[in-house]
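S.K.: Got a structure for you, questions after.
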Amino acid sequence: MIEKIQLENILFLDIETVPEQENYTHLDQDLQYLWEQKTQYQRKDDYTPEEFYDRAGIWAEFGKIVCISAGYFTIKRDIRNFRVTSFFGTEEKILKDFSNLINNHFNQPQHILCGHNAKEFDFPFIARRMIINSVVIPQKLNLFGKKPWEIPHLDTMELWKFGDYKTFTSLKLLTKVLGIPSPKDDIDGSQVGYTFYVEKDIDRIITYCEKDVIAVAQVLLRFRREGLLIDDEIIHI
């Protein structure tokens, strides 16, 4: 039962990704060919590989992580806080810093990682980019040899499905129907690449990423029929 999980044992997270290179023309010939092959089904005849490259951030082989935001609850007596922090810089630094957070503070059997659509996107993307960057994968992200019930991951989209695997429910839609303030009040995922490469505004991306983390925590609180976080309870560190 989700209500039996202690909130302090959950690490909420979200990642923002962009194409690994700013432009398709920056790829070498091998990668251009492999990109063409990888996206052939999605593109059909509607886009050329170059026109489609702005979507490269959704594939770990052709994208990279520019921000990981994480949040966790601290509860002392009747005081509840939600602490949010972000990792940015070079991708290798982001991954190492995030790995250190998990290994130093969320590496015990009771600890759980939580995100929205994270089992399909965030968790595998992080693990794949760790391999590419020669960063040791924390045990909480390394699923090799684990049985399904041994995997310490929560996914709010999966929880919302209740076994119905025919549909995708965005975080924006879920927060709307649950009466949670929308995190999508500035940019959205399709604009992160432009914001990173053209505007060079990492602070805007960090703010967007942290809002998603807070929204995921709010969704879980609604699933547990608990009061939503108010601004005074949220601490950015």
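Under this note's numbering, read the sequence shown as residues 2 to 238, first letter to last. For each residue, glycine too, the CB sits at the ideal point set by N, CA and C. The structure displayed is predicted, hence computed values, not measured ones.
Just tell me which of Gly90, Phe74 and Leu222 has its CA closest to the CA of Phe83.
M.R.: Phe74
S.K.: Taking all protein chains shown into account, do 16 or more other C-beta atoms lie within 10 angstroms of the C-beta of Thr157, making it buried, or fewer, making it exposed?
M.R.: It is buried - the Cβ of Thr157 has at least 16 other Cβ atoms within 10 Å.
S.K.: Inspect the CB distances between the segment 57-74 and the segment 12-30 and report whether three or more fall short of 8 Å.
M.R.: yes
S.K.: Checking the sheet assignment: what are the DSSP bridge partners for Cys68?
M.R.: For Cys68, which the question treats as bridged, DSSP gives the partners Glu17.
S.K.: Using only CA atoms, which one of Asp79, Gln7 and Ser87 lies nearest to Cys210?
M.R.: Out of Asp79, Gln7 and Ser87, Ser87 has the C-alpha closest to the C-alpha of Cys210.
S.K.: Since Ile80 is in the beta strand (DSSP E), which residue starts that stretch and which ends it?
M.R.: Ile80 to Phe88
S.K.: As an exercise, report each continuous alpha helix (DSSP H) stretch of at least 4 residues that is fully enclosed by the segment 171-229, in chain order.
M.R.: 172-178, 193-198 and 203-224
S.K.: Comparing alpha-carbon positions, which option in Leu179, Leu175, Leu160 and Asn101 lies nearest Leu142?
M.R.: The candidate whose alpha carbon is nearest that of Leu142 is Asn101.
S.K.: Measure from the alpha carbon of Arg226 to the alpha carbon of each residue in Arg129, Leu172 and Leu179, then state which is nearest.
M.R.: Distances from the alpha-carbon of Arg226 to those of Arg129, Leu172 and Leu179 put Leu179 closest.
S.K.: Buried or exposed: where does Gln219 fall if 16 or more other Cβ atoms within 10 Å of its Cβ makes it buried?
M.R.: buried
S.K.: May I ask you to verify whether the segment 182-196 touches the segment 16-28, counting CB pairs closer than 8 Å and requiring at least 3?
M.R.: yes
S.K.: Look at the alpha carbon of Phe89 and the alpha carbon of Pro139, and state the distance between them as a whole number of angstroms.
M.R.: 19 Å
S.K.: Which whole-angstrom value describes the C-beta separation of Pro153 and Ile207, a residue pair presumed to lie in contact below a C-beta threshold of 8 Å?
M.R.: Contact doesn't hold; Cβ gap of about 26 Å is too wide.
S.K.: Using 8 Å for Cβ pairs, my map puts Val217 next to His117. What's the rounded Cβ distance?
M.R.: 5 Å
S.K.: Residues in the same chain with beta-carbon distance under 8 Å from Glu37, minus the five sequence neighbours each way, listed in chain order, please.
M.R.: Pro50
S.K.: Within its chain, find whatever has a CB closer than 6 Å to the CB of His237; leave out the 5 residues flanking it on each side and keep chain order.
M.R.: Its chain contains Val85 as the residues whose beta carbon lies nearer than 6 Å to that of His237, once the 5 sequence neighbours on both sides are disregarded; these appear in chain order.
S.K.: May I ask you to report which of helix, strand or coil DSSP gives Phe126?
M.R.: Residue state, collapsed to three classes: helix.
S.K.: Run through DSSP, which three-state label would Phe107 get?
M.R.: Residue state, collapsed to three classes: coil.
S.K.: Which partner residues does Tyr73 have in the DSSP bridge list?
M.R.: Arg84
S.K.: Distance, Cα to Cα, Leu8 vs Gly228?
M.R.: Spanning the two alpha carbons is a distance of roughly 13 Å.
S.K.: Need the endpoints of the beta strand (DSSP E) that Leu160 sits in, please.
M.R.: No beta strand (DSSP E) holds Leu160; the alpha helix (DSSP H) holding it covers Thr157 to Lys162.
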